[in-house]
Amino acid sequence: MDYNFREIEEKWQNVWKKNNVYKVENDSAKKKFYVLDMFPYPSGAGLHVGHPLGYIASDIYSRYKRLKGFNVLHPMGFDSFGLPAEQYALETGCHPADTTEKNISVFKSQLEKIGFCYDWSREIRTSDPLYYRWTQWIFLELFNSYFCNTQQKALPISELINKYETKGAVPKNGLFKEGVHFTADEWNGYPVEKQAEIIMNRRLVYSAYGEVNWCEALGTVLANDEVINGFSERGGHPVVKKKMKQWFLRTSVYADRLLAGLEKVDFSESMKEMQRNWIGKSIGAEIIFSIENLDKAIRVFTTRPETIFGVDFLVLAPEHPLVASITSAVQKESVEKYIDYVKTRSDRERMSEVKQVTGAFTGSYAVHPISKKKIPVWISEYVLQGYGTGAIMAVPCGDQRDFNFAKHFKIKITNILGDNFNNEEANPSYNSILHNSDFLNGLSMKEGAQKIFEYILTSGIGSRKINYKMRDAGFSRQRYWGEPFPIIWMHDIAVPLDESDLPVLLPHVENYKPGPNGQGPLANETEWVNSFSSSAKRETSTMPGYAGSSWYFLRYMDPHNNREFCSRKASDYWNQVDVYVGGTEHAVGHLLYSRMWTKVLYDLGLIGFDEPFKRLVNQGMITGSSRLAYRFRENKNIFVSLNKCEGFCAKWLMENRFDEWADKLSGEERNSENVNQLVWKLINDRLNVKDFFDPVHVDVNIVDGVTLNVEAFKNWKTDYKNSDFIYEDDGSFICGTEIEKMSKSKYNTVNPDDLVLKYGADTFRMYEMFLGPVEQSKPWDTKGIEGVHRFLKKLWRLFYNENGPVFTKEEPTNAEYKILHRTIKKVNHDTETFSFNTAVSSFMVCVNELTEVKCHKIKILKELLILLAPYCPHVAEELWHASGNPGFVIDADYPETNENYLKETSFNYPVSINGKLRTNIEMPLDFENAEIENEVLKNETVQKWIDGKAVKKFIIIKGKMINVVV
RNA sequence: GCCCGGGUGGCGGAAUUGGUAGACGCAGCAGACUCAAAAUCUGCCGUUCGCAAGAAUGUAUCGGUUCGAUUCCGAUCCCGGGCACCA
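Residue numbers 1 to 966, in this note's numbering, belong to the letters of the first sequence in order.
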């Protein structure tokens, strides 16, 4: 009986489905475990082998946890709103809802073939009104909440309004500032518009003018990471800065808690570091510099206030609001010219240019707040308006960029570092004594910092300040395919809809083109815009991609609840995601936003935990190995096999370009008898093959290893039909290779469907894991899959030979138990630590050894099947039933290691002389050191290497090794 | 520029705290079975020297600590990823 994987896999997938084997209940006496894959966007291209890597890993882990007795939640769904479907709609007229539906069904069928244990009854889609109703509901929660600075948490905005009405907004201590503070009476007398504006400034989602990346061609605002070198990531259209009214998520108020929360979660150190860098907390001082002869002041932020006596100039961002008013008449032209130049520069260009120093002098001087020295004020693109105050105090001797700037514009540099500054480069270190620094002279940087802080606070020239790089996230998109906002506008005031008005359905449209004045496509649907009431207009932008994905892990817990986004009972039971598996590309986007939403929901008492993901496992990228056929540039109809390129090319040149090459010879050589030989030599010496061939990407599926299937290639694309091929001596055609990102355009994608069809899902799953550590990126090579397939056939043969079953009920020997228990121990450990590659090899070792000792005993094999069930569930299930076990293998108990079988009595010691391994000696493990020494010294090889010299030292590590030093 | 990974045979990779480098698999070579092929099985397989026994060498490079280093420390080079004139 052969291993018929196709029949087996189809059979069990149907049985599992029919019996709801993977359905998970919220009511269970078992301990819960939540394993989640990052929300996929159902792209039209379908899956390639890189995608399921993480899904297989999480599937194995889920099944493993279930075998260990947990109630495991392992759901899957689709982040189905997004720009690609809308772009596609613009190009083809196909409605995004239809495209998305189609893509999801392809995606899902691909997933199902791999045999995942998802509970599909919990599937969710962000574009489903039953889902986005709750995204809108959470939006309203955010809208109706503010961040209380005293309690450092979100509270209902009604509490804030109540406070304004009864107590106003007055400082606890300190000055009452006009325009910032107000009394209750003043508040109650404000017009509605003014009240709305003040409250808007505290809401956790708010509407405000923001500078956004505006892409005319796409008619939409793009996120920073969607803009590449000033062009849109999709489509490559130009992007310009534009001020527009936008919705924002007030992420910045959570900066500190997002930072602190990292201490409580099990993410990789590099992932945490990325988030820390994004949040970018820095502690420093804000210092005020007044402008000479003008009633203006520049506030600068610095993390090095102790260097204040080294300030030689100030630099403002070119967009700084003060620039226009402080620019002198003389400098006006050059400043304006410079600002025009900066406008043409994309953010990326501005930030990546290191060598070129640019800037302009404003003509104004600031006054040093302590020394009263005159300090020129410059503008330069290296200072960004969005960070700090948009102004810096430049200390050339301590900061390289300031140094370069000073040198370039010939500004005199003040040395406050003494011998630690050489006037050739800046010295940013903290290890220096301060010079030229008035009352800080002679102090270390650290002492100086403390003293200057005291001075700043008492003198009132500035204040202590904590700065964050993280800014509020833009929360609106001028697009169609996203969640509509539950907001209407009445007289320019944003009014939240009532919960009973939810969901605000996305209207069906025929036209996806942008609306007027940079609005989204929904603005064209006038009937819909006015459909709430005649005096109100609906918000026409939609929410960004991350809205739906910021809370989806909660919906899986209670996916069909039509009264709440997720019942407290369900979220209390399932709690945090125990293991979250996905790529690093979401490091700072999705992961930060979902963490922030979780904190808000926690603050409002809607859930009982404030970090969504307990442990994060990042999967590495699977790179593709591209195959290249070399096309001859002089005659595009000729393809040349890899090792023939040089010879072919030389011969061709000899025949077709002889005169051209002969001209390169000296006159004497040209006239000699050996001119042919000389030209041949010259060609071979000087030939650069790359100049004569164009590598053409070949579909990797028509290449066996590196050998091209020429017939398939000819049929692949019509222009290759009549091409000529120059073969190797053995008649094959060899391709070149290159490792690059897996992508359709490079024809190096491998579709899992094909592999599942050819080898089965079990082989495919195990091979993906066998490839290497999950976290590491590694190249895909289909060839190796044969080895794993052979392993499964070998496993099968422990149960069946060509005549039928061979398994027996005999009692296993200790040796057989030892093989089993060693495997249990190793696989258990490796699965727990996500080291699936080594688990697969230990399965191979185990099956090899059982085959060797001809073990067909059910008592051993049964346990092995349970261990295998997470990895190759179909074949494990088949053999489980075939060998007479009850129920489904997934409901069995995971075997425990019995250490008794693993005890060894003797050990084959490696014996080294002076650290070099010379021989092995088998000795009982309970030998005392003296006995070991005795035994070792008796050994002939040892004696030979000691060679009569004195033994200086005897190193014995029991059960490990022996080293003799002579 | 900064931060985080990583560099081990022809290839993917293995090596629990510093203790036999190269497990397992692919590819390759040789052989068995077969009319033949596929499948399967057996053996070999880092490099150099050697008929062999064996020896030398070897985990990016150089240096250090140690009886002993792929593992720890220092410096350098290369590859991948992330962030970015972040003051």
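Every residue, glycine too, gets a C-beta built ideally from N, C-alpha and C.
Contact check, residue i vs residue j, beta carbons under 8 Å
{"i": "S80", "j": "R133", "result": "no"}
{"i": "T307", "j": "G398", "result": "yes"}
{"i": "L443", "j": "S432", "result": "no"}
{"i": "L73", "j": "W574", "result": "yes"}
{"i": "A324", "j": "P305", "result": "no"}
{"i": "Y817", "j": "Y894", "result": "no"}
{"i": "R250", "j": "D472", "result": "yes"}
{"i": "F147", "j": "F475", "result": "no"}
{"i": "Y34", "j": "V689", "result": "no"}
{"i": "V875", "j": "L792", "result": "yes"}
{"i": "T414", "j": "N436", "result": "yes"}
{"i": "V239", "j": "W214", "result": "yes"}
{"i": "M742", "j": "T623", "result": "yes"}
{"i": "G872", "j": "M766", "result": "A quick correction: the sequence has Cys, not Gly, at residue 872. A contact, by the Cβ cut-off of 8 Å."}
{"i": "V788", "j": "T823", "result": "no"}
{"i": "H881", "j": "F807", "result": "no"}
{"i": "A184", "j": "G168", "result": "yes"}
{"i": "N934", "j": "I956", "result": "no"}
Nearest residue (CA-CA) to residue i, options the options
{"i": "E193", "options": "R555, I493, G605, S432", "result": "I493"}
{"i": "D501", "options": "L665, E832, I488", "result": "I488"}
{"i": "P96", "options": "V675, E935, V509", "result": "V509"}
{"i": "E319", "options": "W378, I287, I283", "result": "W378"}
{"i": "D610", "options": "V504, N618, M596", "result": "M596"}
{"i": "C117", "options": "I890, I932, E904", "result": "I890"}
{"i": "F652", "options": "P559, N684, R670", "result": "Residue identity differs from the one stated: residue 652 is Trp in this sequence, not Phe. Of the candidates P559, N684, R670, the one whose C-alpha sits nearest the C-alpha of W652 is N684."}
{"i": "E863", "options": "H821, N26, N420, E660", "result": "H821"}
{"i": "E499", "options": "E141, K243, N803, R555", "result": "E141"}
{"i": "N828", "options": "K407, R63, R257, F692", "result": "R63"}
{"i": "W278", "options": "F733, G589, P428, I114", "result": "G589"}
{"i": "L505", "options": "L90, P75, T135, I957", "result": "T135"}
{"i": "N709", "options": "P752, F639, F70", "result": "F639"}
{"i": "P376", "options": "G359, Y382, Q385", "result": "G359"}
8 Å contact criterion, which residue i and residue j should meet: CB distance rounded
{"i": "E711", "j": "S641", "result": "Not confirmed; about 15 Å, so no contact."}
{"i": "S109", "j": "P84", "result": "Contact flag wrong, Cβ pair sits at about 20 Å."}
{"i": "Y3", "j": "W796", "result": "4 Å"}
{"i": "V529", "j": "T540", "result": "6 Å"}
{"i": "G967", "j": "N963", "result": "Because residue 967 is not part of the residues shown, which for the chain are 1 to 966, the question remains open."}
{"i": "Y593", "j": "A255", "result": "Contact flag wrong, Cβ pair sits at about 13 Å."}
{"i": "N144", "j": "I161", "result": "10 Å between Cβ atoms; not a contact."}
Residue range of the beta strand (DSSP E) that includes residue i
{"i": "D947", "result": "Run containing D947: none; DSSP gives neither H nor E here."}
{"i": "N618", "result": "616-618"}
{"i": "Y468", "result": "462-468"}
{"i": "C117", "result": "Where C117 is concerned, there is no enclosing beta strand (DSSP E), given that its DSSP letter is neither H nor E."}
{"i": "C148", "result": "145-148"}
{"i": "H408", "result": "Where H408 is concerned, there is no enclosing beta strand (DSSP E), although the alpha helix (DSSP H) it sits in stretches over 400-408."}
{"i": "N837", "result": "Where N837 is concerned, there is no enclosing beta strand (DSSP E), although the alpha helix (DSSP H) it sits in stretches over 836-852."}
First and last residue of the uninterrupted alpha helix (DSSP H) at residue i
{"i": "N162", "result": "157-166"}
{"i": "P612", "result": "From DSSP, P612 is part of no alpha helix (DSSP H); its letter is neither H nor E."}
{"i": "M769", "result": "761-770"}
{"i": "R633", "result": "Element bounds for R633: n/a, residue is neither H nor E."}
{"i": "M274", "result": "269-279"}
{"i": "G390", "result": "Looking at the DSSP string, G390 is not in any alpha helix (DSSP H), and its letter there is neither H nor E."}
{"i": "F791", "result": "785-797"}
Per DSSP, cross-strand counterpart(s) of residue i
{"i": "S290", "result": "A297, V367"}
{"i": "Q246", "result": "A208"}
{"i": "P318", "result": "For P318, which the question treats as bridged, DSSP gives no partner whatsoever."}
{"i": "Y909", "result": "I921"}
{"i": "K412", "result": "K412 is not bridged to any residue."}
{"i": "T542", "result": "R477, P484"}
{"i": "H181", "result": "E178"}
{"i": "M490", "result": "I493"}
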